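Here the structure comes first, spelled out in structure tokens, and everything after it is commentary.
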Amino acid sequence: MMQPEEAWGARWRACAHPLAHQYMGSAVQKQSLVVLAADLPRVDDLVDLIARVGSHVTALKTHVDMVDDFTMDEWGRVIEAARAHDLMLFEDRKFADIGRVAQTQMGGLYDIRSWADAVTAHSVSGPDVLDGIAAAWDGVQRIGGILLLAQMSSRDNLLSEEYGNRTVEFGTASPHVIGYIGNGSSPAEIESLRAKAGDGRMIWTPGVNLSAAEGVLGQRYGHPSDAVRAGSDAVIVGSGIHGDENPEEAARSYAEASWKALLER
Ligand code: 5BU
125 MMQPEEAWGA
135 RWRACAHPLA
145 HQYMGSAVQK
155 QSLVVLAADL
165 PRVDDLVDLI
175 ARVGSHVTAL
185 KTHVDMVDDF
195 TMDEWGRVIE
205 AARAHDLMLF
215 EDRKFADIGR
225 VAQTQMGGLY
235 DIRSWADAVT
245 AHSVSGPDVL
255 DGIAAAWDGV
265 QRIGGILLLA
275 QMSSRDNLLS
285 EEYGNRTVEF
295 GTASPHVIGY
305 IGNGSSPAEI
315 ESLRAKAGDG
325 RMIWTPGVNL
335 SAAEGVLGQR
345 YGHPSDAVRA
355 GSDAVIVGSG
365 IHGDENPEEA
375 ARSYAEASWK
385 ALLER
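Numbering-wise (the working numbering), the sequence shown opens with residue 125 and increments by one.
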């Protein structure tokens, strides 16, 4: 099998966070840079989807607060299924409050700190949100990584170039930040973010679809290969997989496209 350093080059050497290495190592094993956006409202369906596509994807991105039948016990089944397939658990919570509140929001009903390996955060409230999130993981003796939103895939969003630059400054200064969310629908925007982020941080991109049509409600899409060639390290795919009539085949196609593009890069 290929060594992670061979596949990832400078990114492997420069990303110091253990979770960045866990992701990159697992991507090499599965030959897939696909993060499954598991946007389904029922635990049974989530567990079923993981069973079908788990071997073609590297991380599981959740929105725990969209699950209709959530209880901590039921959620345990999702966690177990993900771990069984060696998937990183990534809660796309988009924390955006002051540090102290973000810390408490990592607990609560969903107790994100106890199971998530990575979470997303907005930089709009300033850098202390990062320390709040990290303190919550620290409180339960776990380590996690944060992905900061430097760009978004939705049309007319307010994350300007300047906002993205400041976000990268926060991310560069924080050991808890493993990378940035970039706009997967625009190779030019990914390239521009890549130039600022340097090799020490990953870029994960939603807004990716193989049939790159217009998404619903303002979502925009680009091709996964273009995103990876432009500097994305993970393609976040939801409807392209769970909305396909054959999710397993779809996941395999996204995995192949992303892996091939990484090797080309
Ligand atoms: P889709 O079905 O592949 O369009 O789902 C995309 C997922 O990525 C969905 O879970 C969104 O919450 C998530 N997302 C996004 O689409 N765009 C963004 O800028 C960010 C997250 Br941040």
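In this text, a Cβ means the ideal position worked out from N, Cα and C, and glycines have one as well. Please read all numbers here as calculations on a predicted model, not as lab measurements.
{"Check": "For the candidate residues 183, 313, 265, 330, whose alpha-carbon lies nearest to that of residue 209?", "Outcome": "183"}
{"Check": "Does the distance from the CB of residue 244 to the CB of residue 271 come in under 8 Å?", "Outcome": "yes"}
{"Check": "Specify, as a first and last residue, the run of the beta strand (DSSP E) that residue 327 falls within.", "Outcome": "326-329"}
{"Check": "Would you call residue 94 buried or exposed, if buried means 16 or more other Cβ atoms sit within 10 Å of its Cβ?", "Outcome": "Nothing can be reported for residue 94, as the shown portion of the chain is limited to 125 through 389."}
{"Check": "Residue ranges of each alpha helix (DSSP H) run of no fewer than 4 residues wholly in the segment 140-190, ordered along the chain?", "Outcome": "142-154, 167-177"}
{"Check": "With residue 301 as the anchor, note down where its beta strand (DSSP E) starts and where it stops.", "Outcome": "301-305"}
{"Check": "Taking the continuous beta strand (DSSP E) assigned at residue 214, which residues delimit it?", "Outcome": "212-219"}
{"Check": "Kindly indicate which three-state DSSP category residue 314 falls into: helix, strand or coil?", "Outcome": "helix"}
{"Check": "Within its chain, find whatever has a CB closer than 6 Å to the CB of residue 151; leave out the 5 residues flanking it on each side and keep chain order.", "Outcome": "157, 182"}
{"Check": "Curious, which full-length beta strand (DSSP E) runs of at least 3 residues does the segment 216-267 contain?", "Outcome": "242-245"}
{"Check": "Please say whether residue 218 and residue 273 have beta carbons closer to each other than 8 Å?", "Outcome": "yes"}
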